[in-house]
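Inspection log for the structure reproduced underneath, given as structure tokens.
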Amino acid sequence: MKYYRGLFFTRSGRNILEEAKPTIPLQWVTVFFDWPDRVHDDANLMLCVIAKIRAGKGLIAPEPMHHDQRWCMSFRVPSHYNAADTSIAAIAVTIAFWHRDQILNHGHYIDRRYVFRMTNHPRWGV
5 MKYYRGLFFT
15 RSGRNILEEA
25 KPTIPLQWVT
35 VFFDWPDRVH
45 DDANLMLCVI
55 AKIRAGKGLI
65 APEPMHHDQR
75 WCMSFRVPSH
85 YNAADTSIAA
95 IAVTIAFWHR
105 DQILNHGHYI
115 DRRYVFRMTN
125 HPRWGV
């Protein structure tokens with residue numbers, strides 16, 4: 005099975021990989037960051053993600069964008085056929101809150117070097 009580099013690390017520094025070909029249907033919610041967003045710590049960056057999704061600034065697509073585009077994070081949402089965009093966004097908010105909890109309580113942290121890279125490049129496989 006092939007995996008892609010993930011957006012988060014565990015407390016021990018292990019990257020949490022993403023499955024390249026998931027076996028369940030997914031939608032991805034991608035949030036793009038602006039220059040001022042980069043200064044937030046990881047927990048507050050997740051609050052920024054949540055605010056952007058709630059404001060309707062999350063891009064919903066069948067593929068993640070964070071591997072090919074810089075300055076963004078994509079969150080995978082298990083989906084059912086014809087799921088409404090509002091329900092996909094609501095689930096993405098819940099997932100973002102979960103990641104924030106992992107950051108605050110379990111030592112996870114965002115791969116900022118990958119998220120805030122200065123150039124776009126093809127997917128980084130593992």
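Add 4 to a position in the sequence shown, counting from 1, and you land on the number used in the numbering used here. We put the beta carbon where it would ideally sit given N, CA and C, even for glycine.
Separation of M5 and A65 (C-alpha to C-alpha, rounded to the nearest whole angstrom) is 23 Å. R74 is the residue among R74, H110, E22, A88 whose C-alpha sits nearest the C-alpha of T123.
Between N19 and D115, the C-beta spacing is below 8 Å. In this structure, the straight-line span from the alpha carbon of T90 to that of S16 is close to 36 Å.
In the structure shown, I114 falls within a strand segment according to DSSP collapsed to helix, strand and coil. Here DSSP, grouped into helix, strand and coil, assigns P68 to coil.
If you look at V53, you'll find it isn't in any beta strand (DSSP E); it sits in the alpha helix (DSSP H) that goes 46-58. Within the same chain, and ignoring the five residues on either side of V97 in sequence, the residues whose Cβ sits closer than 7 Å to its Cβ are I54, I57, R58. Put simply, the backbone Cα of I99 is about 23 Å away from that of R121. Here DSSP, grouped into helix, strand and coil, assigns Q31 to strand. Contact annotation, M77 with V119: C-beta distance approximately 6 Å; criterion of less than 8 Å satisfied.
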